[in-house]
Amino acid sequence: MNNTLAIEVGADGIALLTIDVPGRPMNVFTPELIDSLGKAVEQVAADDAIIGAIITSAKQSSFLAGADLKDLGEAFERGITAQQASEFSQSLSKLLRRLETCGKPFVAAINGLALGGGLELCLACHRRILSSDVKAVIGLPEVKVGLLPGAGGTQRLPRLIGIPAALPLLLKGKTLQPSEAYAQGLVHEVFSPEQLIGRARHWLLNSPTAVQPWDRKGYKIPGGAGPLASHAPVSFTVGVAQMTGTTQHNDPAPLAILSSVYEGTIVDIDTGLRIESKYFGKLLSGSVARNMIRTLFINKTAIDKLVNRPSDAPTRTVTRLGVIGAGMMGAGIANVAAQAGVNVVLIDATVEQAEKGKADIAALLARDIKRGRLTQESVNARLARINATNDYAQLKGCELVVEAVFEDRTVKANVTRQVEAQLDDNAVFASNTSTLPITGLAQASIRPERFIGMHFFSPVERMPLVEVIIGEKTSDQTVAWAMDFIAQLRKTPILVRDSPGFFTSRVIMNFLHEGMKMVEEGVLPAMVENAARQAGFPAGPLAVADEVSLSLMQAILKAQDADNLPERYRLRTGRKVIDRMVDQLKRPGRRAKAGFYEYPEQGAKFLWPGLSDAYPVAADQPSVASLKERFLTIMALETARCQEEGVIINAMDADIGSILGIGYPAWTGGVLSYIQTIGVKTFVERCHALAALHGARFEPTQTLVQQAV
Ligand code: NAD
2 MNNTLAIEVG
12 ADGIALLTID
22 VPGRPMNVFT
32 PELIDSLGKA
42 VEQVAADDAI
52 IGAIITSAKQ
62 SSFLAGADLK
72 DLGEAFERGI
82 TAQQASEFSQ
92 SLSKLLRRLE
102 TCGKPFVAAI
112 NGLALGGGLE
122 LCLACHRRIL
132 SSDVKAVIGL
142 PEVKVGLLPG
152 AGGTQRLPRL
162 IGIPAALPLL
172 LKGKTLQPSE
182 AYAQGLVHEV
192 FSPEQLIGRA
202 RHWLLNSPTA
212 VQPWDRKGYK
222 IPGGAGPLAS
232 HAPVSFTVGV
242 AQMTGTTQHN
252 DPAPLAILSS
262 VYEGTIVDID
272 TGLRIESKYF
282 GKLLSGSVAR
292 NMIRTLFINK
302 TAIDKLVNRP
312 SDAPTRTVTR
322 LGVIGAGMMG
332 AGIANVAAQA
342 GVNVVLIDAT
352 VEQAEKGKAD
362 IAALLARDIK
372 RGRLTQESVN
382 ARLARINATN
392 DYAQLKGCEL
402 VVEAVFEDRT
412 VKANVTRQVE
422 AQLDDNAVFA
432 SNTSTLPITG
442 LAQASIRPER
452 FIGMHFFSPV
462 ERMPLVEVII
472 GEKTSDQTVA
482 WAMDFIAQLR
492 KTPILVRDSP
502 GFFTSRVIMN
512 FLHEGMKMVE
522 EGVLPAMVEN
532 AARQAGFPAG
542 PLAVADEVSL
552 SLMQAILKAQ
562 DADNLPERYR
572 LRTGRKVIDR
582 MVDQLKRPGR
592 RAKAGFYEYP
602 EQGAKFLWPG
612 LSDAYPVAAD
622 QPSVASLKER
632 FLTIMALETA
642 RCQEEGVIIN
652 AMDADIGSIL
662 GIGYPAWTGG
672 VLSYIQTIGV
682 KTFVERCHAL
692 AALHGARFEP
702 TQTLVQQAV
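Sequence positions in the sequence shown follow the numbering used here and run 2 to 710.
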C-alpha cells in the first residue's frame, strides 16, 4: 500500500484509516488515494478481526478537499471522451458503493473541510461525525466549476435529506458550517476535534449499523421522488425554468444536476449512480467545465497567491492607509480596509465631506446589522478605525495612500503634491482613476517610482477585483506592495501595463459601444439587451451604459480628442448615439433618471419608449445568435489587441479580470479562453466575416492572423 492512507487496527477490532496525501497542503483524491482506499475497504471487509472502520485525515482542519481539480481541468486538454469521463466517475462510485455495502460499518470522523468528493466519501459512510472547528465546512461546490458531484453526491444527498433540501445545496454549491450541516441533517453528530475519534469508536462499539438508509427494506426518499411527489412542480418544473433563466443554456451543469437528481431518484441507487456518471461524463468532457475550472479555480487561486508579484521584493502589511476623496469609491475603499483591520485616514476637501463619507459607510453597515450579518460591536470597532478629516498632516506614517478624488487631472495633480508632502520615501501613492493613464498622472509626483494605479470596482464592498496598473516609472517594489495590500483585503489583483483605459475599462467600453451601434442600426433595443443576457452577461449594454452614464462616456471621448490619442484608442462605434442621447435627447443616464431606460419613482425601470422614434426599428431583425457573437467577439478582440500591445502581461489576468470585473460570461473562461475554445483559426475567420458585415473594428489582429495558420 502506498503512503497516502495509513491503516491501524486496534485491539478493539477497529481499523483507523488516516488519509495523508504527501506533498499536498490538503488531501485530494489522487489515483494513489483511490487505489489505497479500495484496498483498505477490501481489507476491512475480509478481515474477521476488524469490526468496523473510522476514516479520518492527518491534515489539520482539513479532511478531504475532493477531486484534484487541476487534473480534472486538464482532462479536456487530454481529449477525454464523455464515455471515459463517465467511467472515471463510475470507478469512484463503485468504490464508495462497495464501502457502504461491504458489511462492516464505516464512520467518517470529519476533522476539517470536506468538499466535493471529500463529502461524497463521508456520505457513503454509515455515520458522519463532524468537527466543531469553524474551518470544518462541508459542501458540494462542483456546480461552481461547471461540474456535478460525480461520486454519488446527486444520489446520496437527496436520499439522505430529501430532494427539496438537497437541490439548493447542489445547485448553489454552498458550503455549510458545522452547525448548519448538523441542522440540515448532513452529519449525525458535531464534536470538538479532539473528541472525534473517541466518539467514532463509541458508536462502532455500541450501536453500529453497516446498512445505509437507502439499502433498508421499505426505504422511501424523505418527501418523495418522481413526478407525483408533492414538491415535484417546484423542485423540477419551476427548478428547470429557473435554471434555464440563470444559465441561458450556456452552463450545462445546473440542468445536468436537476436531471441527475430527477432521473436517479426514481430508480434504485445503483442505477441512480450510473445516471449520475453519464451526466458527469458529458460535463467533464465539455469545454465549459475546463474553462471554469481553469479560470475560476486554478488561475484565480494562483493569482490570489500573488503569482504575478515581483518575487524578490520584500513584503509589507499596511497598518495605516490614507484615502483621499470620501465619495462613492473612497468610502468603499476605506470600509473594506477597516474591515481588514487597517487604520484609515479618510480625507476630503472639508471635514463635513469626509464625515459624510464615513456616515455613508455607517449607514451601509447598519443595514448589515439589521440583516443579522454583522454585530454592533464589530461595526463599532470598524468605524473606530476610520478617521474622517481634511487634515493632510494626519497622513504621516501611512504606508499607502489611495486617491479617489474627481476624475480630473488638475485635481489629482494637486492632491498628489499635497499627499506626497506628508509621506515617507517608501510610502506608495496609488490612483483609483478609471481612465487616466498612470504615467501621465505620475508627472505630478516627485517620486514616480512609488506611483501606481489601483483600480477598484464599484461597489467596492462586493466587487472582488482590483486592476493594478504599472506606470512607466513604477518600481517592482511598488507593484509588490500594491499587490500585498490587495491580498490583505482578500481581493484578486490583476496586473496590467499603462495605456488609455488600461484593460477593463477599454474592453467594457467596446461592449457598450457595440450595443449602442445595434440600436443605431435599428435592432430592437429589448433584443439587444436580451441577447447580451442570453450570452451570459449579467446586464445588457444599454442598462450598463445608463449606470456608467452617457455623459461620462462622452466626457471620456472628448478628453481623448483633446489629448490627441492615437486613433486605435478612440472608440467611435457608438459615439454618434452617445452624442445624440446626451446633447439632443437629454438622456444622459440613470443618475438623471433618463437614459436608454426610464426610471420611475415607483417600480422597475423600463426601456424608454421614445427610443424607437429616435432609432426606428428595422424591418429585418438579425438573429439573437449573431448579436451574442458580436458582443463576445468584440471584447475578445480588443483584449487580443491589449495583449499585442503588452497591456496584458499574462493571459490569465485578462480572463479573470474580464469575468470578475466586467461581467464577461464565466462559461467562456474569460476573454482569451473564448478565443482558445473556439480555436484561433475559427475566431479569425469569424472576425473577417463580421468585419465584412459590420466594419473594420472586427478585423483580427496581426498576431491572431499569424497564429491562425
Ligand atoms: P465621487 O464624486 O463620488 O467622489 C469624489 C470625492 O472626491 C468627493 O467626495 C469629493 O468631495 C472628493 N474630492 C474632490 N476633490 C478633492 C480634493 N481636492 N481633496 C479631497 N477630496 C476631494 O467619485 P467616485 O465615483 O468615488 O470616483 C472617484 C475616482 O474613482 C475617480 O477617479 C473615478 O474615475 C474612479 N473610479 C470610479 C468608479 C465608479 O464606478 N464610480 C470605479 C472605479 C474608479
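For glycine and all other residues, C-beta sits at the position ideal for the given N, C-alpha and C. This one's a predicted model, so the numbers in the text were calculated from it and none came from an experiment.
Q.
When you measure from the CB of residue 354 to every non-hydrogen atom of the ligand NAP, does any distance come out below 6 angstroms?
A. Ligands present in the displayed structure are limited to the ligand NAD, and the ligand NAP is not among them.
Q) Along the chain, where does the beta strand (DSSP E) that runs through residue 452 open and close? A) 452 to 457
Q.
Judging by CA-CA distance, which residue of 97, 138, 118 is the nearest neighbour of residue 127?
A. 97
Q | For residue 679, three-class secondary structure by DSSP | A | helix
Q | residue 193 versus 271, 136, 410, residue with shortest Cα-Cα distance | A | 136
(Q) Determine, for residue 673, whether the minimum Cβ-Cβ distance to residues of chain C falls below 7 angstroms. (A) No chain C appears in the structure shown, which is made up of a single protein chain.
Q) residue 239: buried (16+ other C-beta within 10 angstroms of its C-beta) or exposed? A) exposed
Q: Excluding the 5 residues preceding and the 5 following residue 710 in the sequence, name in chain order all residues of the same chain whose CB lies nearer than 6 angstroms to its CB.
A: none
Q. Quick one: complete alpha helix (DSSP H) runs, 4+ long, within the stretch 370 to 442?
A. 377 to 385, 410 to 421, 439 to 442
Q: Please name the residue in 434, 395, 431, 410 whose C-alpha comes closest to that of residue 423.
A: 395
(Q) Tell me the rounded alpha-carbon separation between residue 87 and residue 583. (A) 56 angstroms
Q.
Would you say the beta carbon of residue 433 is closer than 6 angstroms to some non-hydrogen atom of the ligand NAD?
A. yes
Q | Given residue 198 as reference, the closest of 542, 17, 321 once Cα atoms are compared | A | 17
(Q) Among the candidates 455, 326, 226, whose CA atom is the shortest distance from the CA of residue 480? (A) 455
Q.
So if DSSP puts residue 345 in a beta bridge, which residue, or which two residues, is it bridged to?
A. 322, 387
Q: In the DSSP assignment, find the beta strand (DSSP E) that holds residue 30 and state where it starts and stops.
A: Premise fails: residue 30 is in no beta strand (DSSP E) and is neither H nor E.
Q. If residue 320 sits next to residue 292, beta carbons under 8 angstroms apart, how far is it from one beta carbon to the other, in whole angstroms?
A. Contact flag wrong, Cβ pair sits at about 39 angstroms.
Q) Taking Cβ to Cβ, would you say residue 151 is nearer than 7 angstroms to residue 254? A) no
(Q) Measuring only the C-alpha atoms, how far is residue 674 from residue 703? (A) 18 angstroms
Q) How about residue 598 and residue 612: are their beta carbons less than 7 angstroms apart? A) no
Q) On the premise that residue 508 lies in contact with residue 625, defined as a C-beta separation below 8 angstroms, what is that separation, rounded to the nearest angstrom? A) Actually they do not touch by this definition, with Cβ atoms about 22 angstroms apart.
Q: Tell me whether the beta-carbon of residue 657 lies closer than 7 angstroms to the beta-carbon of residue 301.
A: yes
Q) Would you report the Cα separation of residue 201 and residue 111, rounded to the nearest angstrom? A) 10 angstroms
Q. Can you list, in chain order, the residues of its chain whose CB lies under 8 angstroms from that of residue 2, leaving out five sequence neighbours each side?
A. Annotation note: pLDDT 48 at residue 2 (below 50); position unreliable, no value reported.
Q: May I have the straight-line CA-CA distance separating residue 717 from residue 288, to the nearest angstrom?
A: Here the chain covers residues 2 to 710 and nothing more, so residue 717 does not appear.
Q: Write down every uninterrupted run of the alpha helix (DSSP H) in the stretch 37 to 76 whose length is 4 residues or greater and which is fully enclosed by it, in chain order.
A: 70 to 76
Q: With DSSP collapsed to three states, give me the class of residue 118.
A: helix
Q. Leaving out five residues before and five after residue 716 in sequence, what residues of the same chain have Cβ atoms less than 7 angstroms from its Cβ?
A. Nothing about residue 716 can be reported from this structure: the residues present for the chain run from 2 to 710 only.
Q: Kindly indicate which three-state DSSP category residue 264 falls into: helix, strand or coil?
A: helix
**Q.** beta strand (DSSP E) segment containing residue 107, residue limits
**A.** 107 to 111
Q: Just tell me which of 245, 677, 391 has its CA closest to the CA of residue 257.
A: 245
Q) Okay, do the stretch 682 to 700 and the stretch 661 to 668 touch, 3+ Cβ pairs below 8 angstroms being the bar? A) no
Q. What span of residues does the alpha helix (DSSP H) with residue 87 cover, start to end?
A. 83 to 102
(Q) Can you tell me which residues form a DSSP beta bridge with residue 192? (A) 132
Q. How long is the line joining the alpha carbons of residue 190 and residue 169, rounded to whole angstroms?
A. 22 angstroms
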